[in-house]
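Q:
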Ligand code: SF4
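In my numbering, the protein residues as written are 93 to 423.
#1: Would you decide whether residue 282 is buried or exposed? Buried here means 16 or more other CB atoms lie within 10 Å of its CB.
#2: Using a Cβ-Cβ cutoff of less than 6 Å, which residues in the same chain neighbour residue 369 once the five nearest sequence positions on both sides are dropped?
#3: Of all the alpha helix (DSSP H) runs that stay within the bounds of the stretch 311-367, which reach a length of 4 or more residues?
#4: For the candidate residues 377, 256 and 385, whose alpha-carbon lies nearest to that of residue 396?
#5: Measuring CA to CA, which of 188, 252, 142 and 226 is closest to residue 238?
#6: Pull up the distance between the alpha-carbon of residue 328 and that of residue 409, whole angstroms please.
#7: Identify which residue in 121, 292 and 143 has its Cα closest to the Cα of residue 109.
#8: Distance check for residue 212 and residue 343, CA to CA, integer angstroms please.
#9: Would you please verify whether the beta carbon of residue 267 is less than 7 Å from any beta carbon of chain D?
#10: Hey, is the stretch 312-325 in contact with the stretch 131-151, meaning 3+ C-beta pairs nearer than 8 Å?
#11: Kindly give me the distance between the Cβ atoms of residue 200 and residue 294, rounded to whole angstroms, as I take these residues to be in contact under 8 Å.
#12: Could you tell me the distance, in whole angstroms, from the CA atom of residue 405 to the CA atom of residue 129?
#13: Are at least three pairs of beta-carbons, each pair with one atom in the stretch 153-163 and one in the stretch 317-337, less than 8 Å apart?
#14: Nearer than 6 Å: is that true of the beta carbon of residue 400 relative to any heavy atom of the ligand SF4?
#15: Apply the 10 Å Cβ neighbour rule to residue 184 and answer buried if 16 or more other Cβ atoms are within range, or exposed otherwise.
#16: Nearer than 6 Å: is that true of the beta carbon of residue 113 relative to any heavy atom of the ligand SF4?
#17: By how many angstroms is the C-alpha of residue 339 removed from the C-alpha of residue 346?
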C-alpha cells in the first residue's frame with residue numbers, strides 16, 4: 093500500500109484530494125465501431141475534503157456530479173486525473189489495494205430500495221460487509237448489526253424484516269447503517285435524501301450530522317436541493333457541464349455568490365412566501381449536450397452577462413476571497 097507522497101514532513105494531507113479528474117464516455121458507431129464522439133461527463137475537476145468536513149456538490153441534473161462521485165469511489169474508472177485518500181494515490185490501485193480502501197470510502201445512494209437486496213433480511217444486508225471482510229463470528233456480527241440498527245434509529249427487532257417492510261426513511265437509515273459498518277472515513281452521499289418527504293429528509297440529514305460529530309466522518313454530499321446542501325455543508329462546489337465553476341465556504345456561496353450560474357441556481361430555489369419578488373435572474377433553457385459542450389465558458393449560451401470573450405476563451409478558476417474560487421471572466 094502506498095504512503096503519503098509529495099508532502100513536507102508534518103504536513104497533514106486532506107482526507108480526499110482530487111486533481112484534474114476527467115471522465116469521458118466514448119460513443120461508438122455500432123457495437124464494435126470506433127468511437128465517434130464522447131460524453132464529457134466530468135472534465136477536469138479538482139476538489140479536496142478535510143477530515144470531519146462536508147463538501148456539498150451541486151448542479152442541475154446532467155451536470156456530472158453523480159458521475160464524479162462514482163469515479164472518486166472508483167466504481168467507474170477515470171479517464172485521467174488523480175484521486176488521493178489521506179495522501180495515497182488510489183487512482184491506479186488494483187483490486188487488492190482497492191479492497192482495503194473500500195472500507196474507508198462508502199456510498200449512500202438516492203434510492204435505498206433499489207440498492208437493498210429485496211430477498212435479504214435487513215440484518216443480513218447491514219451485516220453483509222462483515223462477512224465480505226471476514227470479521228467476527230456469527231454472534232459478534234449480530235451484536236454489531238444490532239448496535240448499528242440502534243445508532244441509526246432503528247430497532248434490533250427489525251433486523252428480521254425485509255426491505256419492503258420499511259418506510260422510505262427507514263430504508264435510507266438501513267443504507268446508512270450498512271455504509272457505517274466497516275468504520276469508513278469518507279461517505280459519498282449521491283442525492284441521499286432526494287427521494288424522501290421533506291420532514292423525513294430533515295431527520296435523515298440530522299442523523300448524518302450526528303454521525304459526523306460522533307465519528308469524525310467526512311462527506312461529499314451530492315444534491316440538487318440547495319436548501320438541504322446549505323444545511324449540511326461546510327463548503328459547497330458548484331458544477332456545470334462537467335466543470336466546477338465556483339467553490340466557497342457555505343456562507344460566502346449562499347450570501348454572495350460570484351458565478352452567474354450559482355446566482356441563477358439560488359434564484360431557482362422556491363420562495364418561502366407567495367408574492368415575494370426575486371432580486372436575481374433565474375435559469376433559462378436546458379443544460380446543453382455534454383457531447384458537444386459550448387466553446388469558451390460552457391455557461392455562455394445561458395448567461396445573461398455573456399460578452400464576446402465568453403464564447404472564445406475558457407475562464408479558469410481563480411481566487412476571489414478566502415477559500416472562494418470562481419471561473420468567470422467578469423469576476
Ligand atoms: Fe457568464 Fe461569461 Fe462569466 Fe461565463 S465567463 S459565467 S458567460 S460572464
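By construction, the Cβ of each residue, glycine as well, lies at the ideal position given by its N, Cα and C atoms.
A: Quick look at the numbers:
#1: Per the 10 Å Cβ criterion, buried.
#2: Legend: pLDDT at residue 369 = 49, less than 50; position of this residue unreliable, value from coordinates given subsequently. In its own chain, leaving out the 5 sequence neighbours on each side, no residue places its CB closer than 6 Å to the CB of residue 369.
#3: Taking only runs of at least 4 residues, the alpha helix (DSSP H) segments lying wholly in the stretch 311-367 are 318-324, 342-347 and 352-359.
#4: Taking only the C-alpha atoms, the option nearest residue 396 is 377.
#5: Residue 238 has its Cα closest to that of 252, out of 188, 252, 142 and 226.
#6: Residue 328 and residue 409: Cα-Cα distance of roughly 14 Å.
#7: Residue 143 is the option with its Cα nearest to residue 109.
#8: Whole-angstrom Cα-Cα distance: 43 Å.
#9: Judged by its chain identifiers, the structure shown contains no chain D, having just a single protein chain.
#10: Using a C-beta cut-off of 8 Å, the stretch 312-325 makes contact with the stretch 131-151, since at least three inter-stretch Cβ pairs fall below that distance.
#11: With 8 Å as the limit, residue 200 and residue 294 do not qualify as a contact, their Cβ atoms being about 16 Å apart.
#12: CA-CA distance, residue 405 to residue 129, rounds to 22 Å.
#13: Because the criterion of three Cβ pairs below 8 Å is met, the stretch 153-163 and the stretch 317-337 touch.
#14: Answer for residue 400: no, Cβ out of range of the ligand SF4.
#15: Exposed, because fewer than 16 other Cβ atoms sit within 10 Å of the Cβ of residue 184.
#16: Residue 113: no, Cβ never under 6 Å from the ligand SF4.
#17: If you take the alpha carbons of residue 346 and residue 339, they lie about 11 Å apart.
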